[in-house]
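For reference, the structure discussed in these notes is given below.
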Amino acid sequence: MNGFPPFKDSSLLTEDKKFDGVPVRIYQPKTPATAKRKAFVFFHGGAGIFGSVEAYERILRHVVKEADSVVVAVEYDLGPDSPYPNQYNQCFKATVHFMKHVDHYHVDASRITIGGDSCGANFATRICQLLVDRPDLPKVQAQVLIYPGLQGLDFYLPSYQQNSCVPLMWRDTVIYFCCLFLNKPTSVIKDVLESCHVPEKMRLKYHKWVNADLIPKEFKVRGYKPQAPGLYKFKPKVHEEMKEILEETFSPLFAKDEIVRQLPRTYLLTCEFDVLRDDGLLYKKRLEDNGVPVTWTHIENGIHGIAVLFGYGFLSFPSVEQMVNDFTQFLKSL
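Going by numbering that gives the first Met the number 0, the first residue of the sequence shown is number 0, and it counts up by one from there.
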């Protein structure tokens, strides 16, 4: 998933370091700044089991130049070799270290944005929530969430039904990747897809945040069939095996309102042909219901994972250019 390395860019400074033991790559403009710069801390996608900073080199260089920003990309260890939740812990440690040492990079501590794509957006979501309880650190200015996966409770949402066979992320592939990431047996995939891992009490608790009725009507026109009551059959053994995907770390959509209302302004991007689309729509609603300003971009002909194609000539089709340029403009505006 690394692609072909881009040519060296003489207008940028790139440095590989370790922040509190966690590998990071730091990108900075070579041009001297007239004032302290903004910063973007980025976590790459790849389901937590593949991918690398190298795969996002073209995007990150673009952000540095267009937004005149310092970029810190975290090279967290991949699962399952590095057990869950090490990835969250490493991203958090690297972020905290950077926030404590921003002066070294001539960064304005009040202009730090945290973001990522896919599972990286999941990490960013959770880390921004955790930072709410850190008054010793600078307040995060914004979060950027690109087609995030945010909950492990309901895999019958409209986007899961409509896009169940759309690449690059099929419906059953989501659970397969979850099992690999968490080092769980793939034999539970069918039961998890049918929500057999969710106790009824928990389903009722989170119904106010996760249910198809919260998805706008225009997103339920094609290929969606409401699920009949009583469809789900709880299986305690499956729950015990997969309970981590219902915790707030893995499912940050379940964070309490008192946390959500303190989150920074948010840029959120969803793609129409993506099983994870509705996770983004549900979190958008939660943020807005709690008074958090949201800038939302919906790519009508977009599919999951295509941001990594940016800068690859004919492979970087219009929807890829649109999404990267759009969130870059958001960063530039901060």
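By construction, the Cβ of each residue, glycine as well, lies at the ideal position given by its N, Cα and C atoms.
query: Does the separation of the CB atoms of L149 and Y266 fall below 7 Å?
result: Start at 1 with the first residue of the sequence shown, and residue 149 comes out as number 150. Start at 1 with the first residue of the sequence shown, and residue 266 comes out as number 267. No Cβ-Cβ contact shorter than 7 Å links L149 with Y266.
field: Opening and closing residue of the alpha helix (DSSP H) in which H297 lies
entry: Along the sequence shown, one-based indexing puts residue 297 at 298. No alpha helix (DSSP H) holds H297; the beta strand (DSSP E) holding it covers 293-302.
task: Could you spell out the range, first to last residue, of the beta strand (DSSP E) harbouring Y175?
output: Indexing the sequence shown from 1 puts residue 175 at position 176. DSSP places Y175 in no beta strand (DSSP E) but in the uninterrupted alpha helix (DSSP H) bounded by 170-181.
- request: Measure how close the beta-carbons of R24 and E65 come, nearest whole angstrom, since I'm counting them as under 8 Å.
  value: Translated into the one-based positions of the sequence shown, residue 24 becomes position 25. Translated into the one-based positions of the sequence shown, residue 65 becomes position 66. About 18 Å; that fails the 8 Å criterion.
task: Determine the DSSP secondary structure at R264, reduced to helix, strand or coil.
output: Taking the first residue of the sequence shown as 1, we reach residue 264 at position 265. Of the three classes helix, strand and coil, the one that applies to R264 here is strand, per DSSP.
message: If distances are taken between C-alpha atoms only, which option among V274, L286, L268, Q261 comes closest to V131?
response: Position 132 of the sequence shown holds residue 131. For V131, the nearest C-alpha among the options comes from Q261.
message: Using 7 Å as the threshold, is the C-beta distance between E320 and E299 below it?
response: Here residue 320 refers to the residue found at position 321 when the sequence shown is read from its first residue. Here residue 299 refers to the residue found at position 300 when the sequence shown is read from its first residue. Result no, Cβ atoms of E320 and E299 do not sit closer than 7 Å.
message: Contact defined as beta carbons within less than 8 Å: I believe E243 pairs with Y83. What is the distance between those atoms, to the nearest angstrom?
response: The sequence position of residue 243 within the sequence shown is 244, counting from 1. The sequence position of residue 83 within the sequence shown is 84, counting from 1. Contact between E243 and Y83 holds, with the beta-carbon distance rounding to 7 Å and staying under 8 Å.
- request: Check whether the region 45-52 touches the region 29-36, counting contact only when three or more Cβ pairs, one atom from each stretch, lie closer than 8 Å.
  value: Contact fails: fewer than three Cβ-Cβ distances are below 8 Å.
query: Can I126 and C164 be called in contact, C-beta distance under 7 Å?
result: Within the sequence shown, the letter at position 127 stands for residue 126. Within the sequence shown, the letter at position 165 stands for residue 164. Not in contact: I126 and C164 (Cβ atoms no closer than 7 Å).
message: Using a 10 Å radius around the Cβ and a threshold of 16 neighbouring Cβ atoms, would you call E257 buried or exposed?
response: Sequence index remark: in the sequence shown, residue 257 carries index 258 (1-based). With fewer than 16 Cβ atoms within 10 Å of its Cβ, E257 is classed as exposed.
N-terminal and C-terminal residue of the alpha helix (DSSP H) that Y26 is part of: One-based indexing of the sequence shown puts residue 26 at position 27. Where Y26 is concerned, there is no enclosing alpha helix (DSSP H), although the beta strand (DSSP E) it sits in stretches over 21-28.
message: Let me confirm a value: F313 is counted as buried when at least 16 other C-beta atoms fall within 10 Å, else exposed. Which label applies?
response: Stepping through the sequence shown from its first residue, residue 313 is reached at position 314. Counting Cβ neighbours within 10 Å, F313 comes out exposed, since fewer than 16 surround it.
- prompt: Are the beta-carbon atoms of C195 and K232 separated by less than 7 Å?
  reply: Within the sequence shown, numbered from 1, the residue matching residue 195 stands at position 196. Within the sequence shown, numbered from 1, the residue matching residue 232 stands at position 233. For C195 and K232, yes; Cβs fall inside 7 Å.
task: Pull up the distance between the alpha-carbon of P263 and that of V95, whole angstroms please.
output: Position 264 of the sequence shown, counting from 1, holds the residue named residue 263. Position 96 of the sequence shown, counting from 1, holds the residue named residue 95. Rounded to whole angstroms, P263 to V95 spans 16 Å at the Cα level.
- prompt: What did DSSP end up calling Q142 once you bin it into helix, strand or coil?
  reply: Taking the first residue of the sequence shown as position 1, residue 142 is located at position 143. Strand, per DSSP.
message: Buried or exposed for D277, going by 16 or more other Cβ atoms inside 10 Å?
response: As a first step, residue 277 must be located in the sequence shown, where it is residue number 278. With 16 or more Cβ atoms within 10 Å of its Cβ, D277 is classed as buried.
message: Does K219 come out as helix, strand or coil in the three-state DSSP assignment?
response: Counting from 1 along the sequence shown, the entry for residue 219 is found at position 220. Looking at K219 - three-state DSSP - the assignment turns out to be coil, as it is neither helix nor strand.
message: Assuming contact is defined by CB atoms lying nearer than 7 Å, are G279 and T294 in contact in what I supplied?
response: Position 280 of the sequence shown, counted from the start, is the residue given in the question as residue 279. Position 295 of the sequence shown, counted from the start, is the residue given in the question as residue 294. Contact annotation: G279 and T294 have beta-carbon atoms that are not nearer than 7 Å.
First through last residue of the beta strand (DSSP E) which encompasses R36: As a position in the sequence shown, residue 36 is number 37, starting the count at 1. Segment 36-42, the beta strand (DSSP E) holding R36.
task: Decide if the region 211-228 is in contact with the region 244-256; the criterion is three or more beta carbon pairs, one per stretch, under 8 Å apart.
output: Between the region 211-228 and the region 244-256 there are fewer than three C-beta pairs closer than 8 Å, too few to call the two in contact.
- prompt: Start and end of the alpha helix (DSSP H) containing T327?
  reply: Looking up residue 327 in the sequence shown gives position 328. Here the alpha helix (DSSP H) through T327 covers 317-332.
Sequence-distant residues of the same chain with beta carbon closer than 7 Å to D67, five excluded per side: As a working note, residue 67 is residue 68 in the sequence shown. Same-chain partners within the cutoff: P28, R36.
Strand pairing of S68, partner residues [DSSP]: As a position in the sequence shown, residue 68 is number 69, starting the count at 1. When beta bridges are read from the DSSP output, S68 appears opposite K37.
query: Considering only residues of the region 43-109, which uninterrupted beta strand (DSSP E) runs meet the minimum length of 3 residues and lie entirely inside it, listed in chain order?
result: Correct list: 68-73.
field: Stretch-stretch touch, CB-based, cutoff 8 Å, three pairs: the region 152-164 with the region 194-210
entry: The region 152-164, when compared against the region 194-210, does touch it at the 8 Å Cβ threshold.
Alpha-carbon spacing of D107 relative to G115, whole angstroms: Along the sequence shown, read from residue 1 onward, the residue named residue 107 stands at position 108. Along the sequence shown, read from residue 1 onward, the residue named residue 115 stands at position 116. Distance from the CA atom of D107 to the CA atom of G115, rounded to whole angstroms, is 20 Å.
- request: Count the other CB atoms, across all protein chains shown, that sit within 10 Å of the CB of L203; report buried if there are 16 or more and exposed otherwise.
  value: Residue mapping note: residue 203 aligns to position 204 of the sequence shown, counting from 1. Answer is exposed; the Cβ neighbour count stays below 16.
message: On the DSSP bridge list, what partners appear for L12?
response: Along the sequence shown, read from residue 1 onward, the residue named residue 12 stands at position 13. For L12, the beta-bridge partners assigned by DSSP are Q27.
message: Between V63, V21, E56, M168, which has its C-alpha nearest T112's C-alpha?
response: Within the sequence shown, the letter at position 113 stands for residue 112. Closest by C-alpha distance to T112, out of V63, V21, E56, M168, is V63.
message: Less than 7 Å between the C-beta atoms of R170 and V237, yes or no?
response: Residue 170 sits at position 171 when you count from the first residue of the sequence shown. Residue 237 sits at position 238 when you count from the first residue of the sequence shown. With respect to V237, R170 sits apart: the two C-beta atoms are not nearer than 7 Å.
query: When the Cα atoms are used, what is the spatial distance from Y87 to F39?
result: Numbered from its first residue, the sequence shown carries residue 87 at position 88. Numbered from its first residue, the sequence shown carries residue 39 at position 40. Going from the Cα of Y87 to the Cα of F39 covers about 17 Å.
message: Tell me the rounded alpha-carbon separation between L230 and K189.
response: Walking along the sequence shown from the start, residue 230 turns up at place 231. Walking along the sequence shown from the start, residue 189 turns up at place 190. If I take the Cα positions, the gap works out to 14 Å.
message: Can you tell me whether I244 is helix, strand or coil according to DSSP?
response: Here residue 244 is taken as the residue at index 245 of the sequence shown, counted from 1. Helix, per DSSP.
task: Can you tell me which of F18, V173, L213, M241 puts its alpha carbon nearest to the alpha carbon of V187?
output: Walking along the sequence shown from the start, residue 187 turns up at place 188. Out of F18, V173, L213, M241, M241 has the C-alpha closest to the C-alpha of V187.
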